[in-house]
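The block underneath contains the structure these notes are about, expressed in structure tokens.
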Amino acid sequence: MVERLAQQQYRRAIGSIRASRSIYTMTILDAFKLFFTNEMLELIVLHTNLYAKRYYDKKIRPRHNSNNIRSDSHFWKPVDRIELESFIELLIQSGVHRSNHELLNDLWDIRQKNCSCRFF
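Per the working numbering, the very first residue in the sequence shown carries number 52; after that it's consecutive.
Encoded structure:
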């Protein structure tokens with residue numbers, strides 16, 4: 052009895068999905084924004100920067116102070132939302148195009164002719 056009721060509810064749900072035709076066409080960016088809202092991205096940026104600062108203060112800075120070496124490559128530059136979106140896009144694109152064996156510099160290089168289109 053319960054199984055039959057579940058099947059009826061399922062059929063009703065499928066029927067209503069089929070019956071509703073939307074005139075709105077979703078873009079890739081719209082689909083992305085369903086999973087990652089601006090508030091979510093801002094939280095990820097905030098906590099990424101907090102974690103990086105904590106990591107730098109704990110691990111990197113003591114080594115630099117002991118060696119008296121100053122290297123700008125070891126200083127954290129805070130990430131913003133646009134950079135985070137670009138990074139997530141890069142991960143999605145590399146997964147779609149199965150380019151997980153490419154060099155990181157090649158994935159970031161926008162001058163390549165076969166570079167796929169940005170959707171952000």
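Backbone N, C-alpha and C fix where the C-beta goes; we use that ideal spot for every residue, glycine too.
Asked, Found
"Buried versus exposed, by CB contacts within 10 Å (16 or more), E153", "exposed"
"Residues of its chain near C168, where Cβ-Cβ distance is below 8 Å and the 5 sequence neighbours each way are ignored", "Residue confidence for C168 is low, a pLDDT of 46 falling below 50, so the modelled location carries little weight; the figure read from the coordinates is stated next. Same-chain partners within the cutoff: there are none."
"Chain-order list of residues whose beta-carbon lies under 8 Å from that of K84 (same chain, five-residue window excluded)", "none"
"Buried versus exposed, by CB contacts within 10 Å (16 or more), E134", "exposed"
"Exposure label - E90; buried when at least 16 CB within 10 Å", "exposed"
"The alpha helix (DSSP H) enclosing F86, as first and last residue numbers", "79-86"
"Residue of V147, F126, T99 minimising C-alpha distance to D108", "F126"
"R132 - containing alpha helix (DSSP H), residue span", "132-147"
"Spatially closest choice to R105 from F87, G146, K128, by CA coordinates", "K128"
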